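Heads up, the thing below is written out as C-alpha cells.
In the numbering used here, the protein residues as written are 79 to 539.
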C-alpha cells in the first residue's frame, strides 16, 4: 500500500516500530498508564511521524480522550509538529475540539503559540471559529483561556463572521453565552449580513442568550434597525419576551438618562414596557417623562435627531394605514387601560393634550377602551376633560362608549354614562344596527335593567 506522505505533512517513512504497536494495543485496551510509560521510549521524531493509517501518536492520544496520554505525548513531541494534520486533514487540536474535549484542548493549546492558535484552516476558520460553528462549548471555553480578546472577536476569513455569529447561526446558545461573557460590547454588537447575535437569539426565542447579549451591549447598538425596520426591543415585544425586553429597556434608560425629559426615546421605551406588562419599570419610565407632551410630528432638535430610529418606527407602524400615526404615549394609554393599570393610566392622562383623548381615528379612543375593558376612575378622569358633545363619539366599528360597555357587560361604566346623555341617545344603533339594549341582552342583566329604567316607554316597543 502506497501512501502520499507529502499530503500527510511528513517526509519520513510510515512508523511501524514494535514499541509503537504496543502503545496502540495499550490504547485499544484502555491501559493508558502502560501507554504513557511506553511513550517515554520514543523520540520526538517518532512521535510526530505518521503511521500507515495517516495518524501520529498525538492524534491517537486525542482520539482516546485520555488527557494524561495527550500531555505525555506533547511533553516529548517537537512543538512545531503539534499542528501536523492526519489523513483526514485534521490537526490534533481540531480533533479535540470536534470531540468537545476541554482537557485535551487545554493541554494542546498550552503548547501552541498565538499564531498557531489563530491560524485559518482551509475552510477559513480558526480553532475558535470551528468550536463555535459546531457548538462545542467546553472546547471554546478552554480555547478562550489562551486567546487575547482580539483573537476571540476575530472575523472568519470567508464572510467576516465572528465566532459569536457562527455559534448563533448554528443555534448553539450555550456557546453563545460562553463567548459573550469574554467579549467586549463592540464585538457583541457587530452586525454581519444584517444580523447581530442578539437578533438571531430573538428570532429563535432564546431568552437566556438574548439577556446575556443585551446586558453587555452599548445602547447605540440596541438602537440599530434590522430587517423590517425592527430594533431588538421591537423583536422582544413581538415575540413576547419580557425578560429580554426588561434588560434592553434598562440599558436604553441609562443611555437616554443624558437626554432631555421630552426625548422621544423615553416614550417608546414606556410603550414597550407596557406592552410587555413590566409594571414596575413602566412606573419608573412614566415618572421620568416630562409633563410636556411629545408630538411625533413636531420638529426635532439637533439632539433628538440622533434618535431617527423612532421616526422610522412611526413610519413602520403606519405603513398599512391611511390615517396619521398617533403618539407613542397615546397608544401606551390604550394599553394601560387594557391591562387595568389605573394608576399608570391616570399618570399618562396628565401628559396628554385634550385633543388626544377623543378618538384615535383607527379603532378606538380611550373612552371606547374604558367601555370595553372597564376602569371607572379612568372614565371619570376622561369625562372631566372631554367636551359633552364628544362623549358619544363613535369608533371605526360605529360604536360609542355605551355600546362598548353594554356589549362587554361593564355595568359600572353604563351606570356612569347613562345620566350624562339624552334619552334619544340610548336608542342609537351601532354600525351593525344594534342599540345598547340589544347588546346588553346577551351580556348583563344589570345593564338591561339600567337601560330599561332610563329609556322612554315608547322606545321599548
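For every residue, glycine included, the Cβ atom is placed at its ideal position computed from N, Cα and C. Computed from a predicted model, the values in this text were never measured in an experiment.
Which residues mark the beginning and the end of the alpha helix (DSSP H) in which residue i is found?
i	result
residue 103	96-106
residue 251	251-260
residue 349	342-353
residue 367	Unbroken run through residue 367: none, as it is neither H nor E.
residue 430	Where residue 430 is concerned, there is no enclosing alpha helix (DSSP H), given that its DSSP letter is neither H nor E.
residue 211	205-212
residue 152	145-154
residue 479	479-486
residue 290	285-293
residue 585	This structure cannot settle anything about residue 585, because the visible part of the chain is limited to 79 through 539.
residue 226	Taken as a continuous stretch (DSSP letters only), residue 226 belongs to no alpha helix (DSSP H), as it is neither H nor E.
residue 173	170-176
residue 142	135-142
residue 463	454-463
residue 166	No alpha helix (DSSP H) holds residue 166; DSSP gives it neither H nor E.
residue 522	Segment: none, residue 522 is in no alpha helix (DSSP H) and carries neither H nor E.
residue 130	Unbroken run through residue 130: none, as it is neither H nor E.
residue 434	That residue, residue 434, is in no alpha helix (DSSP H); it is neither H nor E in DSSP.
residue 442	Here residue 442 belongs to no alpha helix (DSSP H), and DSSP marks it neither H nor E.
residue 414	406-417
residue 495	489-495
residue 186	180-187
residue 321	320-334
residue 192	192-195
residue 116	110-117
residue 503	501-504
Does residue i pass the burial test, meaning 16 or more other C-beta atoms within 10 Å, or should it be called exposed?
i	result
residue 353	buried
residue 104	buried
residue 397	Because residue 397 sits at a pLDDT of 35, beneath the cut-off of 50, its placement in the model cannot be relied upon, and the following sentence gives the value as read from the coordinates. Residue 397 should be labelled exposed.
residue 360	buried
residue 336	exposed
residue 452	buried
residue 287	buried
residue 509	exposed
residue 534	exposed
residue 153	exposed
residue 151	buried
residue 342	buried
residue 419	buried
residue 308	buried
residue 157	exposed
residue 257	buried
Considering only DSSP beta bridges, list what residue i is partnered with.
i	result
residue 268	Beta-bridge pairing links residue 268 to no other residue.
residue 233	240
residue 304	308
residue 273	270
Going straight from the alpha carbon of residue i to that of residue j, what length do you get?
i	j	result
residue 113	residue 259	38 Å
residue 121	residue 128	13 Å
residue 601	residue 432	The question about residue 601 has no answer here: the residues shown for the chain are numbered 79 through 539.
residue 394	residue 454	Low local confidence applies: a pLDDT of 42 at residue 394 is under 50, so the model's placement there is unreliable, with the coordinate-based value given in what follows. Taking the straight line joining both Cα atoms gives about 34 Å.
residue 461	residue 362	27 Å
residue 213	residue 284	15 Å
residue 373	residue 271	Per-residue confidence for residue 373 stands at a pLDDT of 48, beneath the threshold of 50, marking its modelled position as unreliable; the derived number appears in the next sentence. Whole-angstrom Cα-Cα distance: 35 Å.
residue 389	residue 471	For residue 389, the pLDDT reaches just 42, beneath the cut-off of 50, and the residue's location in the model is therefore unreliable, leaving the point undetermined.
residue 514	residue 527	12 Å
residue 536	residue 477	23 Å
residue 273	residue 319	19 Å
residue 300	residue 292	8 Å
residue 517	residue 313	38 Å
residue 331	residue 280	20 Å
residue 304	residue 244	18 Å
residue 468	residue 325	41 Å
residue 408	residue 430	7 Å
residue 491	residue 522	12 Å
residue 406	residue 346	6 Å
residue 162	residue 261	30 Å
residue 148	residue 322	43 Å
residue 211	residue 117	34 Å
residue 221	residue 426	52 Å
residue 277	residue 247	10 Å
residue 416	residue 447	7 Å
residue 227	residue 201	22 Å
Whose C-alpha, out of the options, is nearest the C-alpha of residue i?
i	options	result
residue 183	247, 200, 225, 484	225
residue 106	452, 143, 413	143
residue 266	237, 195, 297, 153	297
residue 209	185, 179, 228, 189	179
residue 176	151, 218, 256, 135	218
residue 140	124, 132, 169	169
residue 134	111, 109, 102, 201	102
residue 268	253, 252, 241, 448	241
residue 185	146, 235, 448, 489	146
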